[in-house]
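Below you'll find the structure, written out as structure tokens, and then a few comments.
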Amino acid sequence: MRVALFITCLVDAMYPRVGQATVQLLERLGYDVDVPLRQTCCGQMHTNTGYADQAVPLVRQHADVFAGYDAIVAPSASCVGSVRHQHAALAARSGDDGLRRAAAAVAERTYELSEFLVNVHGSVDVGAYYPHRVTYHPTCHSLRLLRVGDRPLRLLHAVRGLDLVDLPDADVCCGFGGTFALKNADVSAAMLADKTASVLSTGAAVCTAGDSSCLMHIGGGLSRDGASVRTVHLAEILAST
Amino acid sequence: MTAFLGMPARAPRGVGQLRGDLPFPAAAREALGNAQLRSNLGRATATIRAKRAAVVDEVPDWAGLRAAGAAIKDAVLADLGSHLIRLEEQVVAHGGRVHWARDANEANRIVTDLVRATGERDVVKVKSMTTQEIGLNEALAEAGISAWETDLAELIVQLADDRPSHILVPAIHRNRTEIRDIFRREMGRVGVPAPPHLSEDPHELAEAARLHLRARFLTARVAISGANFAVAETGTLAVVESEGNGRMCLTLPETLITVMGIEKVVPTWRDLEVYLQLLPRSSTGERMNPYTSMWTGVHPGDGPLEFHLVLLDNGRSATLADPHGRAALRCIRCSACLNVCPVYERVGGHAYGSVYPGPIGAVLSPQLTGAKDNPSLPFASSLCGACYDVCPVAIDIPTMLVHLRSEVVAASGPKPERAAMAGVSWVMRRPRLYTVALRLSRVARLFGRRGAIRRLPPPLSAWTRTRDLPLPPAETFRDWWVRTHGSP
Amino acid sequence: MNAREEILARIAAAVPRPVQVEIPRDYRAAGGEGRGSADVLALLEDRLVDYRATVHRVGPDDVHSRITAVLTGAGIGTVVLPAGFPAPWSPTAVRVVADEPALTPGALAGLDGVLTTCRIAVAETGTIVLDGGQGQGRRALSLVPDFHLVVVRAEQVVASVPDAVAELDPVRAMTWISGPSATSDIELQRVEGVHGPRRLHVLLVFP
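Chains as they are written, first to last, in the numbering used here: chain R, 12 to 252; chain G, 398 to 885; chain C, 890 to 1096.
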């Protein structure tokens, strides 16, 4: 099976360790991983900020880069959500039927990491060992856009040594929301304050999630408050042995 | 030539309440500073969320009802004119009169003239979002007519000279102590005073409202209401409520004037079997609201002798014209989306500037007024999707917000942002350049202190005011990949 | 162009090609089992009690005596009885007032209570529907007095909202009643008793 890593622009620039972990994990599970280097960004930031016309060429590029792979895996529910739920409309906006077909073909073979592991790979035990107290924040796009359900939790439960603690009000948004965090910084910060308080109340040493963007937000709040809780992507935990 | 052939006809400026004085972020900042407000809202929305979840979970066919609820409204919107004509025929056939209002001003004029014709100077009102939207009370006041709100929450808002902040519970921003103080201070000024020693027990407060309004109900000769549903095939109007103030207004006066948005029509009587299950469970979290009144024209010997139905456009036909936005007209005003919205919960309804706050307001208000008049509302969301999940008529609010953002940008996008977005997109279309740009962004490492970036210039200062940013690592992922897995 | 013509023209311009929208009815339709069954009656009672209504179960021979007992027990001195209320059920030991000629709102407010029958009841939602038929009276009767005793016969109780909608005549003036009047306007905490009858008693007549 030819698996392509859709690295996402944020991970590429800011969290290479998440990409490295994803590669290590997939290779350990026996997949031949390819990283097409012409990939850049799915265009979600442009789309969600109101610049759909600027996003269309990025959709075209994404569809072109990832054509022909059996599976495309990303360590981000949000970016997969964009590919799966926004690219079709953006392609339709372009009026180009070829793009519409290409985007649809890529979208249906694109998986968020936990989806890929549970549904395609078919196992929740990926042989990980992570002896820490961990709480899991289900990001909005994994929960309500992709509906990954309890897949990440099942994966975490199977990690040896991991002490999983419930996060209170887990399903409430952390307040990131892309450019929302800048355009409505005060509301965003108020939402974040409640989220970090929830995280701290668990006594966990690590807060994990399936999106580096939300973790960057939560981690940014924890760091500013001087809290010692670390934010670690799900892929990093699953890659640990 | 008439307006409809050119620009869609939006709700006019200078009347009603669809536009705020401040952009959302500024209004939200003020609201966030009000600790009392946040605690009132937090408690109330948490209560209602839990109640709703419990009574929705017990309905085995909720998904089926939701799909039907959405489709019925879509069917109406696909052929709205025919349904309105049918409704008009039926209402008239049963002794009612139908008036059409292009906008708020026209609706206010129609209602004012109807009240004037009765010779009355006082009218009682059932809680109605539509009449709030058009500023009817203010218009009546200018004509020397006093409109008395009879819903408990509306009464609180009116007595306090406040603005509603929630679709269902307009005084949700007030707690019991504040309400007691308002009753004690204001009731006597306009009518029957609050009982001496009124406590803050909700039972006593409800009792005070009962005593205050009793005489008004028994002597009122004209009532004004909105409508939750109007059945085209039969001409039947429906109002759902809890307190009985609605029944009082709909039953006791001689003249009833109902102001209804044109999107409230449903095709058949049978369709109510769907909405009467969806609405109460979604709104108050009850299996059924205490009272639902249904009437068809005039019923001899039972209720008003005269019935007027005012059909209001006020930007609805313009909303209908946008295929990506028209689903907002499915809304049945349950307010479930407000109660689950993390943004609404923290800032309350006033920050939205419109009588329609929360997620639905963020998509409805800019469409009624045109995006230009409400440019900040489509951005008043983190797109978390909680609203879509609970919407009983499956309005995909997040997708609609994104669509409206592009409308705002097309109409009036800020220039620096437009340039930045275009620049980033330009680079992202060129993988080699993008790779270099990522590498160059490592320069941000220079701004770090103690392993994080704690301060950045505007507009990124909005982030670093309350949050750290991590330092970009020395090596990008793609450089690592090339280094470890082969050449580019 | 008048307002009506203009609005209709705007609508026509907004949706130039009206399309037929299929309405999926994948929900429990009318005609479910259980009309008047023990399960359905138990469900109705449970819902009514949940709304803080008071439910009295009674056999067909004891309706009159129980009505009288409920009214006197509730301290009701005068009660208004709508036209067509079954004469054998008419209470004794309580002053009974007729709505002929029609009582003014003020006069209604001076009465202690109202006694009616109903058109249909919905178990799942705890709803009792009055449509102004025999024994139910015009809408104001069951509204202004502070106490409402309604007689529901077992065979009038259906399971679901669709069951009721299928049977009702939409062009009658209707009131759907689910418990005593209530409000959630203060901190979203439900409080029973505002403008409508603060006490709702339901006499459930078993065959």
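Virtual Cβ for every residue (Gly too), placed ideally from N, Cα, C.
In the DSSP assignment, Gly231/R falls outside any beta strand (DSSP E) and lies within the alpha helix (DSSP H) extending over Ser223 to Arg235. In this structure, the CA atom of Leu649/G is about 7 Å from the CA atom of Pro701/G. At a beta-carbon threshold of 8 Å, the residues of chain G lying near Val1083/C are Leu549, Ala603, Ala606, Arg607, Ser639, Glu640, Gly641 and Asn642, ordered along the chain. With distances taken between CA atoms, Met685/G lies nearest to Ser639/G out of Phe776/G, Ser639/G, Ile659/G and Arg667/G.
Contact between the segment 706 to 714 of chain G and the segment 494 to 511 of chain G is present: three or more C-beta pairs spanning the two stretches fall below 8 Å.
Per DSSP, Arg573/G lies in no beta strand (DSSP E) segment; the continuous alpha helix (DSSP H) that holds it begins and ends at Arg573 to Val587. Approximately 4 Å separates the beta-carbon atoms of Thr631/G and Pro1059/C; this is inside 8 Å, confirming the contact.
Residue nearest to Thr981/C within the set Pro994/C, Arg1087/C and Val959/C is Val959/C (criterion: CA-CA distance).
In the displayed model, Ala423/G falls within a helix according to three-state DSSP. By a beta-carbon distance limit of 8 Å, Ala85/R does not contact Arg120/R. Their separation comes to about 12 Å. Per DSSP, reduced to three states, the secondary structure at Arg836/G is helical.
Classified as buried, Met818/G has 16 or more neighbouring CB atoms from the shown chains inside 10 Å of its CB.
In chain R, no part has a C-beta under 9 Å from the C-beta of Glu546/G; the shortest such distance is about 30 Å. The beta carbon of Ala1048/C sits closer than 8 Å to the beta carbons of Gly921, Glu922, Gly923, Arg924, Val929, Leu932, Val1011, Ala1012 and Glu1013 from its chain, once the five residues preceding and following it are set aside; these are given in chain order.
For Met202/R, the three-state secondary structure derived from DSSP is helix. Ala807/G is classed as exposed because its beta carbon has fewer than 16 other beta carbons within 10 Å across all chains shown.
Non-local beta-carbon contacts of Leu608/G in its own chain, meaning distances under 8 Å to residues more than five positions away in sequence, involve Val589 and Pro592 in chain order.
Around the C-beta of Gly516/G, fewer than 16 other C-beta atoms lie within 10 Å, and the residue is accordingly described as exposed. Secondary structure within the segment 632 to 667 of chain G: the alpha helix (DSSP H) runs of 4 or more consecutive residues, fully enclosed, are 642 to 648 (chain order). The beta carbon of Arg39/R does not come within 8 Å of any beta carbon belonging to chain G, so the residue lies off that interface. Under DSSP, Gly1002/C shares a beta bridge with Val968/C. Among the residues of chain G, those whose CB is under 8 Å from the CB of Cys151/R are Ser779, Leu780, Cys781, Gly782 and Ala783, following chain order. In this chain, the alpha helix (DSSP H) harbouring Arg802/G covers Ile794 to Ser809. For Pro599/G against Gln1023/C, the beta-carbon gap comes to about 38 Å, at or over 8 Å, which does not count as contact. Closest by C-alpha distance to Val1050/C, out of Leu474/G, His563/G and Leu675/G, is Leu675/G. The Cβ atoms of Arg577/G and Glu597/G lie closer than 8 Å to each other. Against chain G, a Cβ distance below 8 Å from Ala200/R picks out Arg862, Thr863 and Arg864.
Look at the segment 678 to 691 of chain G: the residues with a C-beta under 7 Å from a C-beta of chain C are Thr681, Arg684, Met685, Asn686, Pro687, Tyr688, Thr689, Ser690 and Met691. Following the DSSP letters along the chain, one finds Lys522/G inside the beta strand (DSSP E) bounded by residues Asp519 to Lys522. Beta-carbon to beta-carbon, Ser732/G and His570/G are separated by about 14 Å, too far to satisfy the 8 Å threshold. When only Cα atoms are considered, Ile579/G and Leu419/G end up about 26 Å apart. A Cβ-Cβ separation of about 13 Å leaves Thr1005/C out of contact with Val986/C under the 8 Å criterion. For Ile83/R, the enclosing beta strand (DSSP E) begins and ends at Ala82 to Ala85.
The C-beta of Asn195/R comes closer than 8 Å to at least one C-beta of chain G. By the neighbour-count criterion, in which 16 or more other beta carbons inside 10 Å mark a residue as buried, Gln764/G falls on the buried side. For the C-beta of Trp877/G, the chain R residues within less than 8 Å are, from N- to C-terminus, Pro27, Gly30 and Gln31.
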